[in-house]
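Enquirer: Each residue of the sequence shown is one higher than the last, beginning at 1 in full-length UniProt numbering.
Don't be surprised by glycine CBs; every beta carbon is placed ideally from N, CA and C.
Every value quoted in this text rests on a predicted model; they were computed, and no experiment measured them.
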Amino acid sequence: MELSAYAQGGWRLLGDPRRFPRRPYAALLRAAFRSLLHHPQSGLDDPDLKDIDPTVLKHCHAAAATCILEAGKQKADISAISTCLEDCKLDKERIEQFCTEYQKNKDALEILLGSIGRSPLHITDVSWRLEYQIKSNQLHKTYQPSYLVTLNVENSDSGSHPDVSFSCTMEQLQVLLSFIIVSMLGSSCVCKRF
Numbered sequence: 001m002e003l004s005a006y007a008q009g010g011w012r013l014l015g016d017p018r019r020f021p022r023r024p025y026a027a028l029l030r031a032a033f034r035s036l037l038h039h040p041q042s043g044l045d046d047p048d049l050k051d052i053d054p055t056v057l058k059h060c061h062a063a064a065a066t067c068i069l070e071a072g073k074q075k076a077d078i079s080a081i082s083t084c085l086e087d088c089k090l091d092k093e094r095i096e097q098f099c100t101e102y103q104k105n106k107d108a109l110e111i112l113l114g115s116i117g118r119s120p121l122h123i124t125d126v127s128w129r130l131e132y133q134i135k136s137n138q139l140h141k142t143y144q145p146s147y148l149v150t151l152n153v154e155n156s157d158s159g160s161h162p163d164v165s166f167s168c169t170m171e172q173l174q175v176l177l178s179f180i181i182v183s184m185l186g187s188s189c190v191c192k193r194f
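Below you can see the structure in the form of structure tokens.
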């Protein structure tokens, strides 16, 4: 099993007991599995994670999620996962903790990955609207606008036309647009070569 340099860097941070003591490490693993398998917005509000720098926390969360998805995609066994995490300088206890959590969630992960299909979704249309939330049931108030985005997609495996909807901030929308522009430029360059 192989991880990207970005994911390896995140795991090196996770392996550092000064940055991630035992409880925050366990909380981050639970959050990564929860966000992948149950609800994308859940997890990082765990009280054990409140003392971790938000930038480091997001990086490590992404690294853990990447490792979980790669292990599930490759149907990696415990020895392959352990070797990969040893390369990222994690100690035996943290590797065992990850493997235990992975084993508990392996079946749900395989079901999730199996439901995606073999070919990626094809976006046929996009619609969006601005949402400004004044009140929420959270303790902190956020008076920032968010965008509700709906992607009309079709899946060539099943022929179905599900919609994918999500909410994002202005910064997240800008990142999404930059990825779309880069992918469009990349595909047009490929088309020009042939």
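So, helix, strand or coil for PHE20, using DSSP?
Expert: Numbered from its first residue, the sequence shown carries residue 20 at position 20. Reduced to three states, the DSSP call for PHE20 is coil.
Enquirer: Select from SER127, ILE68, LYS89 the residue whose C-alpha is nearest the C-alpha of TYR102.
Expert: Here residue 102 is taken as the residue at index 102 of the sequence shown, counted from 1. The candidate whose alpha carbon is nearest that of TYR102 is ILE68.
Enquirer: What residue range is occupied by the uninterrupted beta strand (DSSP E) comprising SER165?
Expert: Stepping through the sequence shown from its first residue, residue 165 is reached at position 165. Looking at the DSSP string, the run of the beta strand (DSSP E) that includes SER165 is 163-168.
Enquirer: Is the beta carbon of ARG12 sitting closer than 8 Å to the one on CYS99?
Expert: Residue mapping note: residue 12 aligns to position 12 of the sequence shown, counting from 1. Residue mapping note: residue 99 aligns to position 99 of the sequence shown, counting from 1. Result no, Cβ atoms of ARG12 and CYS99 do not sit closer than 8 Å.
Enquirer: Using DSSP bridges, identify the partner residues of TYR132.
Expert: On the sequence shown, position 132 is the one that residue 132 refers to. PRO145, per the DSSP bridge assignment.
Enquirer: Compare the C-alpha of MET1 against each of THR83, HIS122, GLU154, LEU37 and name the closest.
Expert: Working through the sequence shown from its first residue, we reach residue 1 at position 1. When each option's Cα is compared against that of MET1, the closest is THR83.
Enquirer: Return the CA-CA distance between ALA65 and ALA7, expressed in angstroms with no decimal places.
Expert: Within the sequence shown, the letter at position 65 stands for residue 65. Within the sequence shown, the letter at position 7 stands for residue 7. Approximately 9 Å between the Cα atoms of the pair.
Enquirer: Buried or exposed: where does GLY10 fall if 16 or more other Cβ atoms within 10 Å of its Cβ makes it buried?
Expert: Your numbering for residue 10 matches position 10 in the sequence shown. Per the 10 Å Cβ criterion, buried.
Enquirer: Identify which residue in LEU148, ASP125, LEU29, PRO145 has its Cα closest to the Cα of ILE180.
Expert: To locate residue 180, count along the sequence shown from 1; it is residue 180. When each option's Cα is compared against that of ILE180, the closest is ASP125.
Enquirer: State the DSSP-derived secondary structure class of GLU154, mapped to helix, strand or coil.
Expert: Indexing the sequence shown from 1 puts residue 154 at position 154. In the structure shown, GLU154 sits in a strand (DSSP, three-state: E or B).
Enquirer: In angstroms with no decimal places, state the Cα-to-Cα distance between GLU171 and TYR132.
Expert: Mapped onto the sequence shown, residue 171 falls at position 171. Mapped onto the sequence shown, residue 132 falls at position 132. Looking at the two C-alpha atoms, the distance is approximately 15 Å.
Enquirer: In chain order, what residues of the same chain lie with their CB nearer than 8 Å to the CB of ARG94, ignoring the 5 residues before and after it?
Expert: For this step, residue 94 is matched to residue 94 along the sequence shown. Contacts found: LEU14, GLY15, TYR25, LEU85.
Enquirer: Going by DSSP in three states, HIS38 sits in which element: helix, strand or coil?
Expert: Taking the first residue of the sequence shown as position 1, residue 38 is located at position 38. Coil.
Enquirer: Taking 8 Å as the cut-off, decide whether the C-beta atoms of LEU49 and ALA27 are in contact.
Expert: Numbered from its first residue, the sequence shown carries residue 49 at position 49. Numbered from its first residue, the sequence shown carries residue 27 at position 27. In this structure, ALA27 lies closer than 8 Å to LEU49 by Cβ.
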